[in-house]
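Inspection log for the structure reproduced underneath, given as structure tokens.
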Amino acid sequence: MQMNSKWQLHTFLLLFIVILNLEAARILGIFGHNGKSHFDAFKPLMVALSKRGHDVVVASHFPQKISLTNYTDISLEGSAENNGTKAVTLEIIDKLSQWIISPMLTSFGQKNCEAVFQYPPIQMLLKSDEKFDLLISELFNTDCYLGFVHKFKVPHISLSSHVLMPWANGRVGNPDNPGYIPHLFSLEPHKMNLLQRIMNTVSLLYHKLVYSLLASRWNQAIISEWFAGSPALDDIRRNTSLILVNSHFSVNGARPLVPGVVEVGGLHIRQPKKLPEVRRRVRLPREQSLDGT
Numbered sequence: 001m002q003m004n005s006k007w008q009l010h011t012f013l014l015l016f017i018v019i020l021n022l023e024a025a026r027i028l029g030i031f032g033h034n035g036k037s038h039f040d041a042f043k044p045l046m047v048a049l050s051k052r053g054h055d056v057v058v059a060s061h062f063p064q065k066i067s068l069t070n071y072t073d074i075s076l077e078g079s080a081e082n083n084g085t086k087a088v089t090l091e092i093i094d095k096l097s098q099w100i101i102s103p104m105l106t107s108f109g110q111k112n113c114e115a116v117f118q119y120p121p122i123q124m125l126l127k128s129d130e131k132f133d134l135l136i137s138e139l140f141n142t143d144c145y146l147g148f149v150h151k152f153k154v155p156h157i158s159l160s161s162h163v164l165m166p167w168a169n170g171r172v173g174n175p176d177n178p179g180y181i182p183h184l185f186s187l188e189p190h191k192m193n194l195l196q197r198i199m200n201t202v203s204l205l206y207h208k209l210v211y212s213l214l215a216s217r218w219n220q221a222i223i224s225e226w227f228a229g230s231p232a233l234d235d236i237r238r239n240t241s242l243i244l245v246n247s248h249f250s251v252n253g254a255r256p257l258v259p260g261v262v263e264v265g266g267l268h269i270r271q272p273k274k275l276p277e278v279r280r281r282v283r284l285p286r287e288q289s290l291d292g293t
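Written as structure tokens, this is what we have:
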């Protein structure tokens with residue numbers, strides 16, 4: 001009996017020590033792109049982190065309509081052109097040449113960054129002395145928000161709402177061999193012949209070059225302007241700790257991934273709500289045919 005009491009005491013003390021060492025992280029999420037479908041893919045993660053006790057601060061164009069515990073909004077509504085809620089259909093995408101997509105996206109990213117950094121809530125964040133433990137941001141058409149990695153001296157996680165952009169793999173050393181891996185904007189099938197592999201290679205190099213010459217140059221200028229003493233943007237990008245990708249090999253095809261790239265396809269899908277009980281009896285077609293009604 002005495003032995004059992006000692007074990008219970010030891011167990012209690014051990015649990016007490018573990019509980020004392022549990023600390024919630026303070027997480028800053030910055031989602032400057034004003035595409036609602038993009039943020040809808042990220043919101044469940046940020047909400048789940050807040051529900052697990054982490055202190056989450058989220059800058060986005062789509063603040064919560066109902067306040068949540070441990071979830072603080074920095075609203076970016078009105079900071080950029082309000083085209084984020086317009087649906088982009090597959091028909092529209094099919095009409096665009098893949099050679100136009102990269103210059104167009106990087107141009108959108110530049111305009112968005114310039115507008116968001118001038119917005120008063122972001123100006124307040126830039127001047128604040130708040131402390132954070134982690135930065136989470138979108139990996140899409142700009143890296144200008146990575147300057148906050150330097151400001152708050154925190155590790156960084158990237159989120160992608162779709163298959164990785166052609167310029168994303170290099171920052172974490174993820175293979176993107178165009179000889180057998182079609183990139184996001186490629187029109188080539190997964191099983192390519194020699195000519196298709198050549199075209200896939202040329203287009204991959206083109207999109208990487210466009211991002212390097214346009215977006216990276218613009219992003220570096222913005223970071224140098226707003227984050228004094230910041231290291232080179234390339235150095236910040238290469239220190240990305242993890243990339244979570246809203247894709248899955250069953251839909252997008254199998255490809256090699258390093259441990260720093262994790263597919264989380266379906267992360268945005270919620271548990272369905274229970275349908276209301278139908279009290280009225282539904283007549284089946286067979287029953288209808290029997291009585292002639």
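Counting from 1, one number per residue, gives the positions in the sequence shown under full-length UniProt numbering. Glycine residues also receive a C-beta, built at the ideal position from the N, C-alpha and C atoms.
Note down the Cα distance separating residue i from residue j, rounded to an integer number of angstroms.
i, j, result
"ALA59", "LYS151", "16 Å"
"TYR211", "LEU159", "18 Å"
"LEU125", "LEU257", "35 Å"
"THR142", "ARG171", "14 Å"
"ALA41", "LEU267", "7 Å"
"LEU194", "TYR180", "10 Å"
"ASP176", "ALA215", "20 Å"
"PHE185", "TYR206", "11 Å"
"ALA115", "ASP73", "18 Å"
"PRO103", "LEU139", "16 Å"
"ILE101", "PRO166", "12 Å"
"MET192", "LEU275", "46 Å"
"residue 312", "GLY260", "Here the chain has residues from 1 to 293 only, and residue 312 is not among them."
"THR69", "LEU45", "15 Å"
"ASN219", "PHE148", "13 Å"
"SER230", "LEU135", "16 Å"
"SER67", "ARG238", "35 Å"
"VAL57", "ILE222", "22 Å"
"GLU225", "PRO120", "16 Å"
"ASN81", "GLY35", "Reading the sequence as shown, one finds Glu at residue 81 and not Asn. Distance between the alpha carbons of GLU81 and GLY35: 11 Å."
"ILE30", "LEU146", "9 Å"
"LEU242", "GLU77", "28 Å"
"LYS51", "SER128", "25 Å"
"SER47", "TYR71", "Note on residue identity: the sequence assigns Val, not Ser, to residue 47. Using only the alpha carbons, I get a separation of about 7 Å."
"ALA25", "PHE132", "8 Å"
"HIS38", "PRO272", "21 Å"
"HIS190", "GLY253", "8 Å"
"residue 302", "GLN196", "It is not possible to answer for residue 302, since the shown part of the chain is limited to 1 through 293."
"ASN174", "LEU204", "14 Å"
"THR240", "VAL264", "17 Å"
"LEU20", "GLY53", "Only weak support exists for where LEU20 lies, its pLDDT of 46 falling under 50; the coordinates are left without a value."
Count the other C-beta atoms from every protein chain shown that fall within 10 angstroms of the C-beta of residue i, then say buried if there are 16 or more, exposed otherwise.
i, result
"THR106", "buried"
"TRP99", "exposed"
"ASN169", "buried"
"HIS248", "exposed"
"LEU187", "exposed"
"ARG255", "buried"
"VAL251", "exposed"
"GLU118", "Checking the displayed sequence, the identity of residue 118 turns out to be Gln instead of Glu. Exposed, since its Cβ has fewer than 16 Cβ neighbours within 10 Å."
"VAL202", "exposed"
"VAL154", "buried"
"PRO178", "buried"
"GLN110", "buried"
"THR85", "Bear in mind that the predicted position of THR85 carries a pLDDT of just 48, short of 50, making it too unreliable to give a figure here."
"ILE269", "exposed"
"SER161", "buried"
"VAL262", "exposed"
"GLY32", "buried"
"GLU277", "exposed"
"LEU209", "exposed"
"LEU96", "exposed"
"residue 351", "As shown, the chain starts at 1 and ends at 293. That puts residue 351 outside it, with no answer to give."
"LEU213", "exposed"
Is residue i a contact residue of the ligand ATP, with contact defined as CB to any heavy atom under 8 Å?
i, result
"LYS51", "Annotation note on the ligand ATP: not contained in the displayed structure, which lists no ligands."
Where do the N-terminal and C-terminal ends of the alpha helix (DSSP H) with residue i fall, by residue?
i, result
"VAL172", "First-last for VAL172: undefined, no H or E at that position."
"residue 304", "Past the boundaries of the shown model lies residue 304; the chain is included only from 1 to 293, so the question cannot be answered."
"VAL149", "147-152"
"CYS113", "98-118"
State the start and end residues of the unbroken beta strand (DSSP E) segment that holds residue i.
i, result
"ASP73", "71-75"
For residue i, list the residues DSSP reports as bridge partners.
i, result
"ARG26", "ASP55"
"ASN136", "The displayed chain sequence assigns Ile, not Asn, to residue 136. Paired residues: GLY29 and ILE157."
"GLU277", "Answer is none; GLU277 lacks a bridge partner."
"SER60", "SER75"
"LEU187", "Paired residues: none, contrary to the question."
"LEU68", "TYR71"
Checklist line | Inside the segment 205-264 only - alpha helix (DSSP H) runs reaching at least 4 residues | finding: 216-226, 233-238 and 249-252
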